[in-house]
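Trainee: Numbering (my numbering) for the sequence shown: 1251 to 1971.
In this text, a Cβ means the ideal position worked out from N, Cα and C, and glycines have one as well.
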Amino acid sequence: MPAARHRAGRTTRHPGTAASTKHLRLEIQAVRAVAIAAVVLYHLFPGVLPGGYVGVDVFFVISGFLITAHIAKPLATGRFSFRVFYARRAWRLLPASLATLLVTVVLTAVFVPRTLWKDFTEQIIASALYVENWALAANSVDYSALASDSSIVQHFWSLSTEEQFYALWPLVLWFCAYLRYRRRRRSGVSLAPAIAIALGAVFVLSLAYSIWFTGVSSAAYFTTTTRAWEFAAGGLLWLGLQRVRIPDALAATMSWAGLAVIAATVLTFDASTPFPGWTALLPITGAALVIAGAMPDARWGPAFLYRLRPVQWLGDVSYSLYLWHWPLLIVMPFVIGLASGVATPLWAKGLVLAIALVLAHFSRRLVELPVIAFSTERMRAPRPRHRGVLVLAVAGMLVVALPAAGMYGSAAREEAAASATVGVTIAADGTLTVPACHGAAAMQDGADCPQVDPDDIAPSPVQAASDDFADQAGAGCQIAGTDTTVKGCEVGDPDGTVRLAVVGDSHASNYVPALQLIAKAHHWSLTTYLHSGCPLTRASIAAACNEWKADTLEKLRQERYDVVFVAAMSRTPWPSGMVRHADDLTPAIRDKAAAGYTSAWEQLQQAGSAVVALRDNPDPSIGGVPDVPSCVEQSGDGADCDFSEAAGLLDDPVAQAARTTPGVRLIDSTAMFCADGTCPAVIGGVVVYRQLQHVTQTYSRSMAPFLEPEVAAAVEAATTG
């Protein structure tokens, strides 16, 4: 991200030194201003600048350009010092970033719901250690200004990438110098060709990897290996311009062209653009053209824009503005009392921008500049000492990491604590009983249940996020990603003579806690076959899913279960974004999805298994409440987190297929989730949803006594018919 401002110099152009960093202060600051404006406006108003995220790539080129110069010049004269280089980077970058992180810890503790503490503080610790990009990549985070689950320090991914570049780049260039000095005695090879070869190799290999990995994983956005070529591009630019004099007319043309390319990418790229990959070549090229164009003397060139005081000021504060704007944007909804996931109003975003600009100005004046002045004086001392910088850096990281770790531990302990609420029990005669007004019992006809005290809600909002069968009782039973293993988990009575199976994606997993209780009460065997994002359908989804479905279908045919229960998220088989609201599930899409289910189920029927379809539950994420636990934490009793049945309940293709496929039974549990057109977030003192549209294990278990009659009837029909 934006580095500290480098030393100023004259702006006239001379042969052989056209690209000297001394001569590029104004244009470097100007292109920084363009980059930070693009990033901030994208985060605040993504509809205005849908491709503003490319501003980060512009910063990477600038960093590669300047840092290569800072390293290569002293290496060429034999005066490079690793200790001096790392000390300067630490003095210039760490104070402002660690100060921002420390304030972010305080903001999280004061304003952010406890449901988000674990995730936020984990990211803060990763950011303090400058490995945030790898943490986000490991979690397969979707980098988007519209993402509802963004962490408060997600923007530190680019700072982490840059710090990793600063750590490794001197070693690469030093090795080039080492080879040069070894060979110079024999063949007089200069340093420039060795550096060029190294930079070229990094550029080519990293770009090739970036193109490939971008096509297979969203993690490509964050990894250093897919971004290294962007820094190398800046280094190659600096190296090439050392021996080139660009005429003013051509330089002016290049500058305007570069600005036009950056503007085009900012306006035309969006969240659907594969990135970084080959598409990142465009903003990289634009940034390189602007830097190479420098400050042309041509009257029609853009130099007059670069000299504007607001442009230079924005370039000066770009680093601080980048640090501050994102945490303010993420915390603002909590400050003004919006439910988690609800869009921040325009006036609040304007306030975020104003506060961020003020903080950036004072952060620059009170933190960055004084520290830079102090470090510069220290470096110029007759006997400069650098050991203290490392001690201060580690101390600063600990000041941030320790309180964040304390908050993380507090949230983790609460999340792991067992719920004190009594759930469903199995009587000696196999009868399932549930306390009156507990969970789904409160939705039954005639139930007259009092308002539940917020302190008695269970699982608590913090616990709800992890109240998942697949992570607890069924840990390891639900596979994910590209795994194609057909894994059957016995969760009922292993000695049962009636053999049941439940198959599908994570929404089939929603029903397993209830089916498990029913199976144990009746002494039935129940085997799960679960794969995240992969329902049992003949419709094509993804390569790994298609393989798993085919193998699972064959396994089910061989086993010949008495009854196979099937369920799926209503919009699972379709590209992300195609179905976000009930109206988006068009008849054509629904018919195609239903046909895929019917085709798969008919094969099970031919093998002798009865098929029972479970209608999908309502989806609060499309009903306007994407994070129910956090919303409940904020509202207390969850009353502000209810959503409309019309908005959240899709016309489920599974249900349609069940209605049109002979012999298939349909169990519709909508009445346990919604009443009078409203779907509550808390029912009978139980938080219904744990994450997006996934149901808590506690609520699923409370459904068991009320699902049992229909499940038992289906099993009886299959085993006695």
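Just to confirm my understanding: we take Leu1682, look at its own chain, exclude 5 residues before and 5 after, and list those with CB closer than 8 Å. What are they?
Mentor: Counting from one through the sequence shown, the residue named residue 1682 turns up at place 432. Same-chain partners within the cutoff: Val1674, Thr1675, Ile1676, Leu1767, Ile1768, Ala1771, Ala1954, Pro1955, Glu1958.
Trainee: Would Pro1711 and Ser1880 qualify as a contact pair, given that the criterion is a beta-carbon distance under 8 Å?
Mentor: Within the sequence shown, the letter at position 461 stands for residue 1711. Within the sequence shown, the letter at position 630 stands for residue 1880. Judged by their CB atoms, Pro1711 and Ser1880 are nearer to each other than the 8 Å cut-off.
Trainee: Between Phe1425 and Ala1448, what straight-line distance do the alpha-carbon atoms span, to the nearest angstrom?
Mentor: Counting from 1 along the sequence shown, the entry for residue 1425 is found at position 175. Counting from 1 along the sequence shown, the entry for residue 1448 is found at position 198. Each residue's Cα considered, the two are about 9 Å apart.
Trainee: The beta strand (DSSP E) spanning Thr1778 covers which residue range?
Mentor: For the purposes of this step, residue 1778 is taken as the residue at position 528 of the sequence shown. 1775-1781 is the span of the beta strand (DSSP E), which, as asked, contains Thr1778.
Trainee: Determine the direct distance from the alpha carbon of Tyr1416 to that of Lys1272, and round the result to whole angstroms.
Mentor: Walking along the sequence shown from the start, residue 1272 turns up at place 22. Walking along the sequence shown from the start, residue 1416 turns up at place 166. Confidence is the limiting factor: at Lys1272 the pLDDT is only 41, short of 50, which leaves the residue's position unreliable and the question unanswerable from this model.
Trainee: When the Cα atoms are used, what is the spatial distance from Ile1402 to Ala1896?
Mentor: As a working note, residue 1402 is residue 152 in the sequence shown. As a working note, residue 1896 is residue 646 in the sequence shown. For Ile1402 and Ala1896, the distance between alpha carbons rounds to 32 Å.
Trainee: Are Gly1508 and Ala1537 closer than 8 Å when you measure CB to CB?
Mentor: Mapped onto the sequence shown, residue 1508 falls at position 258. Mapped onto the sequence shown, residue 1537 falls at position 287. For Gly1508 and Ala1537, yes; Cβs fall inside 8 Å.
Trainee: Is Tyr1572 closer than 8 Å to Ile1286 when the C-beta atoms are compared?
Mentor: Residue mapping note: residue 1286 aligns to position 36 of the sequence shown, counting from 1. Residue mapping note: residue 1572 aligns to position 322 of the sequence shown, counting from 1. Taking 8 Å as the Cβ cut-off, Ile1286 and Tyr1572 qualify as a contacting pair.
Trainee: Pick from Gly1873, Arg1810, Pro1363, Ser1456: whose alpha carbon is nearest that of Trp1851?
Mentor: Your numbering for residue 1851 matches position 601 in the sequence shown. Of the listed residues, the one whose Cα sits closest to Trp1851 is Arg1810.
Trainee: Going straight from the alpha carbon of Trp1550 to that of Ser1460, what length do you get?
Mentor: Working through the sequence shown from its first residue, we reach residue 1550 at position 300. Working through the sequence shown from its first residue, we reach residue 1460 at position 210. Each residue's Cα considered, the two are about 38 Å apart.
Trainee: Helix, strand or coil: which one does DSSP assign to Phe1330?
Mentor: In the sequence shown, the residue the question calls residue 1330 occupies position 80. In this structure, Phe1330 counts as coil in the three-state DSSP scheme.
Trainee: Helix, strand or coil, according to DSSP, for Met1953 in the structure here?
Mentor: By 1-based counting over the sequence shown, the position of residue 1953 is 703. DSSP places Met1953 within a helical segment (H, G or I) once states are collapsed to three.
Trainee: Look at the alpha carbon of Ala1645 and the alpha carbon of Ala1378, and state the distance between them as a whole number of angstroms.
Mentor: Within the sequence shown, residue 1645 is the residue found at index 395, counting from 1. Within the sequence shown, residue 1378 is the residue found at index 128, counting from 1. So the alpha carbons of these two residues sit roughly 11 Å apart.
Trainee: Which residue wins for smallest C-alpha separation from Leu1942, given the options Asn1796, Ala1715, Arg1909, Ile1707?
Mentor: Counted from its first residue, the sequence shown places residue 1942 at position 692. With distances taken between Cα atoms, Leu1942 lies closest to Ala1715.
Trainee: Taking contact to mean at least 3 C-beta pairs separated by less than 8 Å, is the segment 1682-1698 in contact with the segment 1899-1917?
Mentor: no
Trainee: Along the chain, where does the beta strand (DSSP E) that runs through Ile1917 open and close?
Mentor: Indexing the sequence shown from 1 puts residue 1917 at position 667. Per DSSP, Ile1917 belongs to the beta strand (DSSP E) from 1915-1917.
Trainee: State the DSSP-derived secondary structure class of Ile1317, mapped to helix, strand or coil.
Mentor: Indexing the sequence shown from 1 puts residue 1317 at position 67. DSSP places Ile1317 in helix when its eight states are reduced to three.
Trainee: Name the DSSP beta bridge partners of Gly1754, please?
Mentor: The residue labelled residue 1754 in the question sits at position 504 within the sequence shown. According to DSSP, Gly1754 bridges with Leu1780, Ala1817.
Trainee: Once DSSP output is grouped into helix, strand and coil, what is the label at Leu1682?
Mentor: Reading the sequence shown from its first residue, position 432 is the one you call residue 1682. Here Leu1682 sits in strand by DSSP.
Trainee: Could you give the distance in angstroms between the alpha-carbon of Glu1412 and the alpha-carbon of Tyr1471?
Mentor: The sequence position of residue 1412 within the sequence shown is 162, counting from 1. The sequence position of residue 1471 within the sequence shown is 221, counting from 1. Taking the straight line joining both Cα atoms gives about 14 Å.
Trainee: What are the start and end residues of each continuous alpha helix (DSSP H) run of 4 or more residues lying completely inside the segment 1884-1927, in chain order?
Mentor: 1895-1898, 1903-1910
Trainee: Can you tell me the Cα-Cα spacing of Ile1512 and Gly1543, whole angstroms?
Mentor: By 1-based counting over the sequence shown, the position of residue 1512 is 262. By 1-based counting over the sequence shown, the position of residue 1543 is 293. Approximately 14 Å, taken between the alpha carbons.
Trainee: If you count every other CB in all the chains shown that lies within 10 Å of the CB of Ala1387, and 16 or more means buried, which is it?
Mentor: In the sequence shown, the residue the question calls residue 1387 occupies position 137. Buried, because 16 or more other Cβ atoms sit within 10 Å of the Cβ of Ala1387.
Trainee: Using the three-state DSSP reduction, which class does Ala1860 fall into: helix, strand or coil?
Mentor: Here residue 1860 is taken as the residue at index 610 of the sequence shown, counted from 1. Of the three classes helix, strand and coil, the one that applies to Ala1860 here is strand, per DSSP.
Trainee: With distance defined between alpha-carbon atoms, name the residue in Gly1450, Ala1376, Pro1577 nearest to Ile1605.
Mentor: For the purposes of this step, residue 1605 is taken as residue 355 along the sequence shown, with counting starting at 1. For Ile1605, the nearest C-alpha among the options comes from Pro1577.
Trainee: Is Val1961 closer than 8 Å to Tyr1949 when the C-beta atoms are compared?
Mentor: Position 699 of the sequence shown, counted from the first residue, corresponds to residue 1949. Position 711 of the sequence shown, counted from the first residue, corresponds to residue 1961. No, these two residues do not count as a Cβ contact at 8 Å.
Trainee: Compare the beta carbon distance of Val1861 and Val1904 with 8 Å and say whether it is the shorter of the two.
Mentor: Here residue 1861 refers to the residue found at position 611 when the sequence shown is read from its first residue. Here residue 1904 refers to the residue found at position 654 when the sequence shown is read from its first residue. No, they are not a contact pair.
Trainee: For the candidate residues Gln1884, Asp1926, Thr1946, whose alpha-carbon lies nearest to that of Ser1894?
Mentor: Within the sequence shown, residue 1894 is the residue found at index 644, counting from 1. Of the candidates Gln1884, Asp1926, Thr1946, the one whose C-alpha sits nearest the C-alpha of Ser1894 is Asp1926.
Trainee: If we count the other Cβ atoms within 10 Å of its Cβ and call it buried at 16 or more, is Pro1363 buried or exposed?
Mentor: For the purposes of this step, residue 1363 is taken as residue 113 along the sequence shown, with counting starting at 1. Counting Cβ neighbours within 10 Å, Pro1363 comes out buried, since at least 16 surround it.
Trainee: Please give the ranges of any beta strand (DSSP E) in the segment 1444-1477, keeping only runs that are unbroken, at least 3 residues long and fully inside the region.
Mentor: Within the segment 1444-1477, no run of beta strand (DSSP E) at least 3 residues long lies entirely inside it.
Trainee: In three-state DSSP terms, what is Thr1271?
Mentor: Locating residue 1271 in the sequence shown gives position 21, where the first residue counts as 1. Model confidence at Thr1271 stands at a pLDDT of 38, short of 50, so the residue's coordinates are unreliable and nothing is read from them.
Trainee: Spell out a yes or no on whether the segment 1299-1316 and the segment 1517-1535 are touching, meaning 3 or more CB-CB pairs, one atom from each, closer than 8 Å.
Mentor: yes
Trainee: Let me confirm a value: Pro1876 is counted as buried when at least 16 other C-beta atoms fall within 10 Å, else exposed. Which label applies?
Mentor: Looking up residue 1876 in the sequence shown gives position 626. By the Cβ neighbour-count rule, Pro1876 is buried, with 16 or more other Cβ atoms within 10 Å of its own.
Trainee: Below 8 Å on the Cβ atoms is my contact criterion, and I expect Val1816 with Leu1786 to pass it. Report the Cβ-Cβ distance as a whole number of Å.
Mentor: Taking the first residue of the sequence shown as position 1, residue 1816 is located at position 566. Taking the first residue of the sequence shown as position 1, residue 1786 is located at position 536. Right, the Cβ-Cβ distance comes to about 6 Å (below 8 Å), so this counts as a contact.
Trainee: Buried or exposed: where does Ser1437 fall if 16 or more other Cβ atoms within 10 Å of its Cβ makes it buried?
Mentor: Within the sequence shown, residue 1437 is the residue found at index 187, counting from 1. Low per-residue confidence applies at Ser1437: pLDDT is 42, beneath 50, and the placement is therefore not dependable, though the value from the model is reported in the following sentence. So Ser1437 counts as exposed.
Trainee: Which one of Val1466, Thr1473, Ala1458 has the shortest CA to CA distance from Leu1409?
Mentor: By 1-based counting over the sequence shown, the position of residue 1409 is 159. Ranking Val1466, Thr1473, Ala1458 by Cα distance to Leu1409 puts Thr1473 first.
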